[in-house]
Amino acid sequence: MKRHLITTILLIISLIFYALGYSGAGWVTFLAGAVFELWFWVRVL
Numbered sequence: 077m078k079r080h081l082i083t084t085i086l087l088i089i090s091l092i093f094y095a096l097g098y099s100g101a102g103w104v105t106f107l108a109g110a111v112f113e114l115w116f117w118v119r120v121l
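With my numbering, the residue at position 17 of the sequence shown is 93, and numbering never jumps.
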């Protein structure tokens, strides 16, 4: 159960960083979103 919770939190964090990157906070936040999304997919697969 804890594993699923961590994976879900990773997805939520990546979506937040993507939203910040699109709203003009900079490419660093967009890149952070990509890193968290990659981490999410590694855990899923």
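Even for Gly, the Cβ is constructed at its ideal location relative to N, Cα and C.
- Look at Gly-100 here: in three-state DSSP terms it is helix.
- Taking C-beta separations shorter than 6 Å and ignoring five residues to either side along the sequence, the partners of Ile-89 in its chain run Phe-112, following chain order.
- A straight line joining the alpha-carbon of His-80 with that of Gly-100 spans about 31 Å.
- Leu-121 carries a coil assignment under DSSP once its states are collapsed to helix, strand and coil.
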